[in-house]
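K.L.:
Numbering (the working numbering), first residue to last: 13 to 669.
1) Quick check on DSSP: helix, strand or coil for residue 167?
2) Drop a sphere of 10 angstroms on the beta-carbon of residue 290, count the other beta-carbons inside from all chains shown, and report buried for 16 or more, exposed for fewer.
3) If you draw a straight line from the C-alpha of residue 652 to the C-alpha of residue 664, how long is it?
4) When we look at the beta-carbon of residue 167 and count the other beta-carbons within 10 Å, is it buried (16 or more) or exposed?
5) Less than 8 Å between the C-beta atoms of residue 374 and residue 475, yes or no?
6) Just mark residue 595 as buried or exposed, buried being the case when its beta carbon has 16 or more other beta carbons within 10 Å.
7) Is the Cβ-Cβ distance between residue 187 and residue 222 less than 8 Å?
8) Classify residue 285 as helix, strand or coil using the three-state DSSP reduction.
9) Do you know offhand how far residue 472's Cα is from residue 435's?
10) For residue 353, which of 405, 556 and 317 has the nearest alpha-carbon?
11) As a quick exercise: from 350, 619 and 458, pick the residue whose alpha carbon is nearest that of residue 568.
12) Spatial neighbours of residue 571 within its chain, please: C-beta separation below 6 Å, excluding the five flanking residues on both sides.
13) With the cut-off set at 8 Å, would you say residue 670 and residue 61 are in Cβ contact?
14) In chain order, what residues of the same chain lie with their CB nearer than 7 Å to the CB of residue 579, ignoring the 5 residues before and after it?
15) Nearest to residue 409 by alpha carbon, out of 432, 380 and 48?
16) Once the 5 residues before and after residue 51 are set aside, which same chain residues still bring their CB inside 6 Å of it?
17) For residue 68, count neighbouring C-beta atoms within 10 Å of its own C-beta (all shown protein chains included) and say buried if the count is 16 or more, exposed if not.
18) Could you pull out every unbroken alpha helix (DSSP H) segment of at least 4 residues lying fully inside the segment 379-407, listed in chain order?
19) Check whether the segment 621-631 touches the segment 299-307, counting contact only when three or more Cβ pairs, one atom from each stretch, lie closer than 8 Å.
20) In chain order, which continuous runs of the alpha helix (DSSP H) of length 4 or greater are located wholly inside the segment 312-372?
21) Can you name, in chain order, every residue of its own chain whose Cβ lies under 8 Å from the Cβ of residue 259, other than the five neighbours on each side?
22) Give the single residue among 242, 153, 210 and 214 whose Cα lies nearest to the Cα of residue 174.
23) Determine the extent of the alpha helix (DSSP H) in which residue 510 is found, giving its start and end residues.
24) Out of 523, 498 and 453, which has the shortest C-alpha to C-alpha gap to residue 510?
25) Using the rule of at least 16 other Cβ atoms within 10 Å of the residue's Cβ for burial, across every protein chain shown, is residue 418 buried or exposed?
26) At the level of alpha carbons, what is the spacing between residue 211 and residue 500?
27) Which residue's Cα is closest to the Cα of residue 404: 425, 423 and 378?
28) Within a Cβ cutoff of 6 Å, which residues of the same chain sit near residue 534, ignoring the five residues on either side of it in sequence?
29) Are the CB atoms of residue 56 and residue 39 within a distance shorter than 8 Å?
30) Quick one: measure Cβ to Cβ for residue 650 and residue 610, integer angstroms, because I've assumed they're closer than 8 Å.
31) What are the uninterrupted segments assigned as alpha helix (DSSP H) that are 4 or more residues long and contained completely in the segment 543-618, given in chain order?
32) How far does the beta strand (DSSP E) with residue 480 in it extend, from its first residue to its last?
33) Where residue 47 and residue 81 are concerned, what is the direct C-alpha to C-alpha distance, given to the nearest angstrom?
34) Where do the N-terminal and C-terminal ends of the beta strand (DSSP E) with residue 416 fall, by residue?
35) Quick check: what's the CA-CA separation for residue 198 versus residue 225?
36) Just curious, the alpha helix (DSSP H) that residue 426 is in, first and last residue?
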């Protein structure tokens with residue numbers, strides 16, 4: 013008889029222990045609700061206004077736009093005035109009201125919608141970051157089984173554990189604290205901490221981490237760190253700390269906004285008040301001041317910056333790269349150093365059988381050896397077992413059912429296959445120390461960066477399988493392109509072992525390899541590059557990469573298998589896991605930045621010319637509005653050039669120049 017090779021939908025306890033993801037609903041944020049209301053009212057009023065409808069049809073709707081989109085930034089600006097700070101959002105509300113006062117209702121409403129939407133996006137990003145940090149804390153179990161001095165057991169909250177306590181971790185449970193194994197053996201999935209694709213065999217003396225998942229086998233663990241000082245807790249702290257380091261940039265922007273706001277207000281007041289002091293008539297003076305308010309309005313400057321970046325974001329999104337904001341799109345073009353994770357980034361993150369080595373004298377072909385191994389591994393839920401079964405499925409092998417299946421944690425599995433006692437597992441555990449030729453084959457595979465799995469039949473070795481995480485097809489080309497774009501070869505930063513990391517780095521042409529890193533070590537590597545004056549791009553996928561993603565100038569996460577925290581912490585996400593899109597989106601960002609410079613020059617020329625005309629001569633209001641709106645249209649259309657698919661093709665072509 014043969015069994016159908018199907019993978020079970022879940023892995024039992026492993027899936028049951030994952031806490032549900034908690035996300036803040038967008039409309040739960042007041043900023044998002046008011047921005048949505050303003051946008052809806054604006055879209056309803058726009059066609060009525062443009063088609064010449066009566067004022068009573070569009071007037072109340074535009075008034076609603078001003079109220080819904082403007083009251084929050086207006087109120088916040090008034091509150092800021094108490095601290096003698098003039099907020100640029102308040103200035104935009106005043107400019108919008110000024111435009112409405114002289115009949116430019118549409119201009120003012122559009123300005124309100126732009127700034128309300130910007131505030132909503134900022135609030136959403138902040139809420140989602142908080143969600144992801146809470147989700148990381150959910151990785152650690154809430155309770156643990158502590159062993160008392162009298163040998164009894166008690167269930168306690170993990171926050172009550174202290175260094176020196178001993179806990180019992182049963183199969184399928186998450187480890188409650190950082191510590192060291194006292195006795196027992198098991199395979200622990202610690203991808204959330206180190207990023208290693210395969211579970212790691214743990215026995216007495218080995219270190220384990222809170223939040224990692226124990227497989228088969230019970231462990232007695234001595235707690236070495238308080239919960240507040242665990243690796244998982246430090247990851248949370250580092251994400252928050254890295255986020256706070258962005259504050260100086262924000263402070264710089266606020267200073268620029270403050271100076272611009274003060275200058276514009278002072279100029280408008282002076283343009284209105286000074287002529288009146290010298291006996292000028294009220295109406296023409298007010299008209300000139302309002303004209304100045306319109307032509308000096310930063311609408312053209314805002315649109316000079318946003319259309320190229322937003323168009324680049326939309327284009328990148330169509331090609332599988334989610335860039336979270338215009339600021340991120342601009343930053344992508346500034347990077348001059350790249351740090352790449354290994355597992356799930358340069359590799360696919362899924363173990364696969366790469367070598368099938370029947371031993372001389374076994375009488376087995378490659379297919380027969382794989383068929384025996386797959387039969388025994390089929391009942392197992394271990395990732396290595398799934399790799400063996402998948403390899404048999406790929407070759408369309410007929411896999412027999414087995415009897416007497418047993419699993420020995422850290423050693424392997426065994427069963428009867430057609431009356432033969434077959435075992436599959438660790439070469440050193442199944443054979444012990446010695447000079448058997450099977451050990452030589454296994455050692456050779458391990459030196460090549462493979463995980464060696466021995467197959468025995470009736471106690472005699474019959475073959476060795478090599479299993480490894482497969483390199484992405486585009487990894488070498490993407491790495492080379494990133495090197496050309498930034499002027500320096502990427503750095504490999506990984507929690508995997510140095511031997512496997514070095515082998516992979518040789519395949520993709522990376523010479524700077526930093527392996528065996530914990531999350532804090534990856535952050536240190538990023539900070540080292542940053543201290544040398546580099547703007548670092550980090551590409552990763554796991555929880556262990558999140559602190560580095562947050563600490564980097566720009567972070568990009570691989571989306572298909574990326575952890576929730578990595579996806580939320582990263583500035584951009586490669587949705588389809590196509591690594592080749594990373595250098596392309598950098599090139600696209602540089603195109604966008606060039607268009608931003610062009611647009612700022614165009615906007616500056618128009619605004620300066622119109623302002624000078626208004627100050628030194630008589631600028632008719634209709635002409636001022638036409639010039640203002642004309643500059644807005646020009647820079648907007650120029651920025652929208654990046655919406656075309658040809659822009660992505662041109663960015664990709666730049667990589668080969």
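Yeah, the Cβ is synthetic: ideal placement off N, Cα and C, and Gly gets one too. What you are looking at is a predicted structure, and each value in this text was computed from that prediction instead of being measured.
P.N.:
Reading it off the structure:
1) strand
2) exposed
3) 19 Å
4) exposed
5) yes
6) buried
7) yes
8) helix
9) 10 Å
10) 556
11) 350
12) 585, 586 and 587
13) Residue numbering for the chain in the displayed model covers 13 to 669; residue 670 lies beyond these limits and cannot be assessed.
14) 569, 571 and 585
15) 380
16) 125
17) exposed
18) 395-406
19) yes
20) 338-344
21) Confidence at residue 259 is low in this model, with a pLDDT of 32, below 50, so the placement of that residue should be treated as unreliable; the coordinate-derived value is given next. So no residue of the chain qualifies.
22) 242
23) 510-520
24) 523
25) exposed
26) 34 Å
27) 378
28) 505 and 560
29) no
30) 6 Å
31) 558-563 and 576-581
32) 472-483
33) 6 Å
34) 415-420
35) 10 Å
36) Run containing residue 426: none in the alpha helix (DSSP H); it sits in the beta strand (DSSP E), 424-429.
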